[in-house]
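In my numbering, the protein residues as written are 2 to 586.
Structural data, given as structure tokens:
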């Protein structure tokens, strides 16, 4: 009886899946309205020292923008010469990043505000203090914060090492024994380890409060809270909307931050932004390797690692075979519906519970079923090439113990590893977000390729995303992939427009790989943020040149017992001047 009930349940799912295919693949195209936000304020007159970099923003030509709604699907909008700011949020809240890019000053902040801003976080937050009497920098970490992992805090320490060197070299007149003290707040990680998870889960576009105490004083929109005033440089992905307006996206640790320091040291663009024919492991541009639009494989492809997705913001899951499928198909044989199709129907039923990368796998399985029925090439090819093991170590997905059950029934979860040169042979790409909601280097690599990028627009973004425009450099896709098939059908039926967007993206990445282009990125995403933060800091006594340890007494009093003693000390004189101190050494 139980087996009959189980068979009935499976057949119901398959019946539902069949009706889904009819609706899913043959509906009319509905392109979501692109969210556009015109600049509401003219920037103030730039500071005199910024006149030399007035043109540092990478200017985009008036490229064609595809139709923004279904009624206009067959007509081309006139691009004109107007410049618009495309925003991922409808909010008009100005963030600190907005102020910086508009050459406006940041709100003044104090040492206490930088220290108190730690209340916003649960981990990976530090303050960097310049002591003019000692002429060195020290990093402090809150006693109330988790010491997450050695890997995470090695990244934080390495970031401080790089940052103090850049501060010393970029602004030598500010960091001398005759200068006042300086305190800067920074954080790291895939995305900010903020305390107010309720706010980021609701994600309704407004600024977040700072926990229960703040909510009692006015809640999420209490912008007078001191915790919101100190600018915080976050080296990683930040929230797309102005949930924490004082968070400023900075280059991610590792490849990106190293590329910035390499540029400052040698004025050479690192290999990750150069064509592969110049530097092995670099970007693959179609014309450099003989790959052109009309010759590309007409399939949407992705390879990557099976990571969680913004786990602090949602409860989305990475399905295990045993929990989701194994007990439902065990012992059932149906010649009309093989087990992999049964598994596909089950996962479609649970689709909304899955992380985006697994949603992509489900779309692949459905696409392969359709391809077998129509004897055509599957439209989607999203598979895992790696799984994440202990300590973040990656292992090959094919043949892994995690996917053994899936592979035994022929479910397309694991795929072969594809180097960039192989991926570049495909016409459509997607940069599915991982643990921090973005793919970091994956976005840049795919923008350069001759195919079209479907950019995964999630609740987070990276430092360079604000230089890109939807429908100019990429086709935007919702975080839940709910419009991916619609957008893919649009691209397939509008090849000239799709090709133009791809060409725009390629030109953009080529520009960044030039000396002039990378200098603009360096100025906009490193020099300007650091300068604005330095200018915004209010020293205890900016006129005094005789410190006599007064500021250190104030620091000790302000920090109190809630902060650990300094965990890192740096001179900033060389690129690797820092050393761990005390119990951290």
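For glycine and all other residues, C-beta sits at the position ideal for the given N, C-alpha and C.
Endpoints, the beta strand (DSSP E) within which residue i is located
i: residue 478; result: 476–478
i: residue 552; result: Premise fails: residue 552 lies in the alpha helix (DSSP H), 551–560, not in any beta strand (DSSP E).
i: residue 140; result: 137–142
i: residue 541; result: Premise fails: residue 541 is in no beta strand (DSSP E) and is neither H nor E.
i: residue 250; result: 248–251
i: residue 410; result: Taken as a continuous stretch (DSSP letters only), residue 410 belongs to no beta strand (DSSP E), as it is neither H nor E.
i: residue 428; result: 427–431
Residue i in three-state terms, based on DSSP
i: residue 299; result: strand
i: residue 65; result: Low local confidence applies: a pLDDT of 39 at residue 65 is under 50, so the model's placement there is unreliable, and no value is given.
i: residue 223; result: Its pLDDT being 41, under 50, residue 223 is placed unreliably by the model, and nothing is read from it.
i: residue 183; result: strand
i: residue 129; result: strand
i: residue 152; result: helix
i: residue 318; result: strand
i: residue 168; result: helix
i: residue 1; result: The question about residue 1 has no answer, for the chain in this structure spans 2 to 586.
i: residue 146; result: coil
i: residue 587; result: One cannot answer for residue 587 here, as it falls past the ends of the chain, which runs 2 to 586.
i: residue 122; result: strand
i: residue 420; result: coil
i: residue 531; result: helix
i: residue 564; result: strand
i: residue 35; result: Caution is warranted here: a pLDDT of 30 is assigned to residue 35, below 50, making its placement in the model unreliable, and the coordinate value is therefore given only provisionally. If DSSP states are grouped into helix, strand and coil, residue 35 belongs with coil.
i: residue 617; result: The first residue shown for the chain is 2 and the last is 586, placing residue 617 beyond what the model contains.
i: residue 234; result: strand
i: residue 284; result: strand
i: residue 576; result: coil
i: residue 42; result: Any reading at residue 42 must be qualified, since the residue scores a pLDDT of 26, below 50, and its modelled position is unreliable; no value is offered.
i: residue 483; result: coil
i: residue 177; result: coil
Classification of residue i by the beta-carbon crowding that lies within 10 angstroms, buried from 16 upward
i: residue 328; result: exposed
i: residue 125; result: buried
i: residue 241; result: buried
i: residue 97; result: buried
i: residue 565; result: buried
i: residue 177; result: exposed
i: residue 360; result: buried
i: residue 114; result: buried
i: residue 394; result: exposed
i: residue 109; result: exposed
i: residue 577; result: exposed
i: residue 353; result: exposed
i: residue 368; result: buried
i: residue 148; result: exposed
i: residue 587; result: The displayed coordinates of the chain run from 2 to 586. Any statement about residue 587 would go beyond what the structure contains.
i: residue 324; result: exposed
i: residue 452; result: buried
i: residue 521; result: buried
i: residue 16; result: With a pLDDT of only 49 at residue 16, under 50, the local geometry of the prediction cannot be trusted, and no value is derived from it.
i: residue 41; result: For residue 41, the predicted structure reports a pLDDT of 30, less than 50, and the residue's modelled location is therefore unreliable. The matter cannot be settled from this model.
Rounded distance between the beta-carbons of residue j and residue i, thought under 8 Å
i: residue 381; j: residue 317; result: Going by Cβ atoms, the distance from residue 381 to residue 317 rounds to 19 Å, so no, they are not a contact pair.
i: residue 122; j: residue 527; result: Incorrect: roughly 23 Å between the Cβ atoms, too far for contact.
i: residue 432; j: residue 447; result: 6 Å
i: residue 236; j: residue 252; result: 7 Å
i: residue 366; j: residue 345; result: 4 Å
i: residue 207; j: residue 310; result: Contact flag wrong, Cβ pair sits at about 23 Å.
i: residue 540; j: residue 182; result: 6 Å
i: residue 158; j: residue 531; result: At roughly 19 Å, the Cβ-Cβ gap does not stay under 8 Å, so residue 158 and residue 531 are not in contact.
Residues bridged to residue i [DSSP beta-bridge criterion]
i: residue 462; result: 239
i: residue 387; result: 306 and 397
i: residue 571; result: 138
i: residue 382; result: 302
i: residue 581; result: 569
i: residue 469; result: Looking at the DSSP assignment, residue 469 forms no beta bridge with any residue, so it has no partner.
i: residue 415; result: 385
i: residue 110; result: 538
Extent of the continuous alpha helix (DSSP H) to which residue i belongs
i: residue 361; result: 357–375
i: residue 277; result: That residue, residue 277, is in no alpha helix (DSSP H); it is neither H nor E in DSSP.
i: residue 502; result: 496–513
i: residue 516; result: 516–523
i: residue 97; result: 97–102
i: residue 202; result: 198–203
i: residue 271; result: Per DSSP, residue 271 belongs to no alpha helix (DSSP H) and is neither H nor E.
i: residue 443; result: 442–449
Min CB distance residue i to chain D below 7 Å
i: residue 580; result: Checking the listed chains, one finds no chain D in this structure; it contains a single protein chain.
Residue i Cβ short of 6 Å to the ligand FAD heavy atom set
i: residue 168; result: The model on display carries no ligand, and the ligand FAD is accordingly not part of it.
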